[in-house]
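Peer 1:
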Amino acid sequence: MLRNTDRRPRTPGDIRIRLIILTLAALLLMALQLTGQLQSLRSAISFVTAPAQLGTTGAARSVTDAIQFLLELGTLRRRVNELEEINASLLAENFSLREVERENEQMRDLFQFSQTRPGLELRGAQIIARVIGQESTNFLDYIEVDLGAIHNIAVGMPVVTEQGLVGRISEVNNITSKVLLITDPSSAVNAILQSSRLNGVIRGDPSGNLIMDFIPQGPVFSVGEVVLTSGMGVRFPRGIPIGQVIERRQRDIDIFQQAVVRPSIDFSSLELVAIVTNFDPQEDVPALAEPTPMPAPITSTLTNTITSTVTITP
Amino acid sequence: MSQNRLPLYAMPLIIFVAALLQSTVAARMVIRGVKPDIVLIIVVIGTLIYGSKVGIVWAFLGGVGVDLFSGGPLGISSLGLMLATVVVGFGHRVLSRYHLLVPLGASAIGTLIYGLVYIGLLALLYEAAQTPLFQWIALPTYQLPFWATLQDVVLPAAIYNTTIVLFVTPLLNRVPEVQEV
């Protein structure tokens, strides 16, 4: 009897078996990661992928900047004929100098920020999200920074820029860390309205704005008020800008009022951040803290930091 | 190795590069807060050409790649992409992928399935984190408002991905039909 050499007909069983095996593998990966068993593996992978991300992001930024530059150049050419004489080497030099200047400017701002807050020990970090990668899905809001466990970065440390609050460290690998941005719906930050002194909780919204919830009914606050971290819950130092109220949501049937807040930071163009390394976040404290007792001001919380230690490392 | 099969074997590499681009270049292609799902698009196109049997493997690998550069749990994107691949696989033979609506529908449906699975699993994880049974693990809590995420993220992403596939379709139609492998 001749062997049937025809292509084996498509059987749903094969796909099913493959699907079951891969589903189990995915669930196993998830379980291992959630129980912290893959930490060393992820560190090793990030060690390999970080340079690739760094290079790709750098290239992408260069291409984007080059396109923008060329667009600008085109406009300028129409306006001024002299620009036609600019040669390619000068363009390249200009391009790299512009990059350096921008970084310098940010470093100066960060330094100024740290000088006005002598109680905080700041450690500068380049955001790997810009340099090597951002959150890869549309559902969550994370960035990656190029400081990790070997730089004494720990889960829960607040992350800021000179413009305000960025988020907090959520995962630490050897040389990189992930930062949960305040725009993520899972994030919760105790906040206070600067003028009306009303407390609430800032949460991320899928639309990209921030929602300040749990504002007590009754007192009136106005559009344009600045929102700051309140320090309640001791997850973040107090007094760090978060954003500005752009809409007030109040309905008599609700227990609380809400405010739509525009973040003070443009998260799409983050390049450099500072991680507050000497702040001890209390993980177990719920996001919405009890009204009493009031926590001590951040200056007294940072008991061990008498001197202002500012280490800005690019 | 025939020429037609070359992309098939190169697919894992293509998917890894796509995952890398997803976490770097895609962030510069954000429109109204949504970036394109490069890995999903490649997996959907690959499945339409080669069938769901290999598409499932790419979906698994692509999902791992996406999750490596994400703050979400590892494996969650694989589950979403694999389910999307199973459904999109119907477009390989049952329907002719040369019909314009097939790749467009596949990318839209694929994005919806991927999004729904992702949100659903995160919600499940959140519920599990609240139960005493899992208190010892200290599961991370991801809180995504279902309808808001569907409206503000999943649907715009489906439109964005479908638009990209619309431009890719002429190239896709040049690839010869390949038997299920």
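Residue numbers (the numbering used here), protein chains in the order written: chain A, 1 to 314; chain B, 1001 to 1181.
For every residue, glycine included, the Cβ atom is placed at its ideal position computed from N, Cα and C.
As the structure is a computational prediction, the values presented were derived from the model and not from experiment.
Residue 1009(B) touches chain A at which residues, Cβ-Cβ below 7 Å?
Peer 2: Those do not exist, as residue 1009(B) stays about 17 Å from chain A at its closest Cβ, beyond 7 Å.
Peer 1: Mind listing, in chain order, the continuous alpha helix (DSSP H) runs of no fewer than 4 residues lying wholly within the stretch 1137-1167 of chain B?
Peer 2: For the stretch 1137-1167 of chain B, whole alpha helix (DSSP H) runs of length 4 or above, ordered along the chain, are 1146-1149.
Peer 1: Nearest-angstrom Cα distance between residue 1154(B) and residue 1167(B)?
Peer 2: 20 Å
Peer 1: Going by DSSP in three states, residue 176(A) sits in which element: helix, strand or coil?
Peer 2: coil
Peer 1: Could you tell me the boundaries of the beta strand (DSSP E) in which residue 1065(B) lies?
Peer 2: It is not in any beta strand (DSSP E) - residue 1065(B) instead sits in the alpha helix (DSSP H) that spans 1052-1068.
Peer 1: Should residue 1160(B) and residue 1035(B) be called a contact, given that it needs their Cβ atoms to be closer than 9 Å?
Peer 2: yes
Peer 1: Can you tell me whether DSSP reads residue 291(A) as helix, strand or coil?
Peer 2: Legend: pLDDT at residue 291(A) = 36, less than 50; position of this residue unreliable, value from coordinates given subsequently. In the structure shown, residue 291(A) sits in coil (DSSP, three-state: anything other than H, G, I, E or B).
Peer 1: Excluding sequence positions up to five away, which residues of its chain have a Cβ less than 6 Å from the Cβ of residue 1061(B)?
Peer 2: Closer than 6 Å at the Cβ level, and outside the excluded window around residue 1061(B), lie 1012 and 1015.
Peer 1: Secondary structure at residue 251(A), three-state DSSP: helix, strand or coil?
Peer 2: coil
Peer 1: Skipping 5 residues on each side, what residues in its chain have a beta carbon closer than 8 Å to that of residue 290(A)?
Peer 2: With a pLDDT of 37 at residue 290(A), under the threshold of 50, the modelled position of this residue cannot be trusted; read the value that follows with caution. Closer than 8 Å at the Cβ level, and outside the excluded window around residue 290(A), lies no residue.
Peer 1: When the Cα of residue 201(A) is compared with those of 105(A), 179(A), 227(A) and 149(A), which residue comes out closest?
Peer 2: 227(A)
Peer 1: Quick check on residue 203(A): buried or exposed, where buried means 16 or more other Cβ atoms within 10 Å of its Cβ?
Peer 2: buried
Peer 1: Less than 9 Å between the C-beta atoms of residue 220(A) and residue 196(A), yes or no?
Peer 2: yes
Peer 1: Mind listing the chain A neighbours of residue 1149(B)? Cutoff is C-beta to C-beta under 7 Å, in chain order.
Peer 2: 139 and 206
Peer 1: Can you round the beta-carbon distance between residue 1049(B) and residue 1018(B) to whole angstroms, since I take them to be within the 8 Å contact cut?
Peer 2: Incorrect: roughly 15 Å between the Cβ atoms, too far for contact.
Peer 1: Quick test of the definition: if touching needs 3 or more C-beta pairs under 8 Å, does the stretch 162-180 of chain A touch the stretch 46-54 of chain A?
Peer 2: yes
Peer 1: Residue range of the beta strand (DSSP E) that residue 201(A) falls in?
Peer 2: Secondary structure note for residue 201(A): its beta strand (DSSP E) is the uninterrupted segment 199-204.
Peer 1: Mind checking if residue 146(A) is an interface residue toward chain D, Cβ cutoff 9 Å exclusive?
Peer 2: This model lacks chain D altogether; the protein chains it does include are A and B.
Peer 1: What's the call for residue 57(A), buried or exposed, on a 16-neighbour Cβ count within 10 Å?
Peer 2: The residue is buried, with at least 16 neighbouring Cβ atoms inside 10 Å.
Peer 1: What residues match up with residue 1031(B) in a beta bridge as DSSP calls it?
Peer 2: Residue 1031(B) pairs with 1034(B).
Peer 1: Which residues in the same chain as residue 1169(B) place their Cβ atom closer than 6 Å to its Cβ, once the five residues preceding and following it in sequence are excluded?
Peer 2: 1103.
Peer 1: Once you ignore the five residues that flank residue 130(A) on each side, which residues in its own chain have a CB closer than 7 Å to its CB?
Peer 2: Here residue 130(A) scores only 46 on pLDDT, less than 50, and its place in the model is too uncertain to base an answer on.
Peer 1: If you draw a straight line from the alpha carbon of residue 1027(B) to that of residue 178(A), how long is it in whole angstroms?
Peer 2: Approximately 16 Å between the Cα atoms of the pair.
Peer 1: Could you check whether the Cβ of residue 40(A) sits closer than 9 Å to any Cβ belonging to chain B?
Peer 2: no
Peer 1: Going along the chain, which residues of its own chain have a beta-carbon closer than 6 Å to the beta-carbon of residue 1175(B), five neighbours each way excluded?
Peer 2: For residue 1175(B), where only same-chain residues beyond five positions count, the Cβ hits under 6 Å are 1049.
Peer 1: Counting only Cβ pairs nearer than 8 Å, list the residues of chain A close to residue 1141(B).
Peer 2: 186
Peer 1: Using beta carbons (cut-off 9 Å, strictly below), is residue 1059(B) in contact with chain A?
Peer 2: True, the Cβ-Cβ gap to chain A drops below 9 Å.
Peer 1: Could you spell out the range, first to last residue, of the beta strand (DSSP E) harbouring residue 161(A)?
Peer 2: Its beta strand (DSSP E) spans residues 158-161.
Peer 1: In this structure, how does DSSP classify residue 233(A) when only helix, strand and coil are distinguished?
Peer 2: helix
Peer 1: For a test of your reading of the model: does the CB of residue 179(A) fall under 8 Å from any non-hydrogen atom of the ligand HEM? Yes or no.
Peer 2: Although the ligand HEM was asked about, the structure shown includes no ligands whatsoever.
Peer 1: Can you tell me whether residue 1067(B) is buried or exposed? The criterion is at least 16 other CB atoms within 10 Å of its CB, across all chains shown.
Peer 2: buried
Peer 1: Using a 10 Å radius around the Cβ and a threshold of 16 neighbouring Cβ atoms, would you call residue 42(A) buried or exposed?
Peer 2: Per the 10 Å Cβ criterion, buried.
Peer 1: Are residue 1057(B) and residue 18(A) close, meaning C-beta to C-beta below 9 Å?
Peer 2: yes
Peer 1: Going by other Cβ atoms of all chains shown within 10 Å of its Cβ, with 16 needed for buried, is residue 292(A) buried or exposed?
Peer 2: Unreliable positioning characterises residue 292(A) in this predicted model, as indicated by a pLDDT of 35, which lies under 50. The coordinate reading is nonetheless provided below. It counts as exposed.
Peer 1: Please determine, among 98(A), 150(A), 162(A) and 73(A), the residue with the shortest C-alpha to C-alpha distance to residue 318(A).
Peer 2: Nothing can be reported for residue 318(A): it is not among the residues displayed for chain A, which extend from 1 to 314.
Peer 1: For my contact list, residue 259(A) and residue 251(A) are in at a C-beta cut-off of 8 Å; report their separation, rounded to the angstrom.
Peer 2: Not confirmed; about 13 Å, so no contact.
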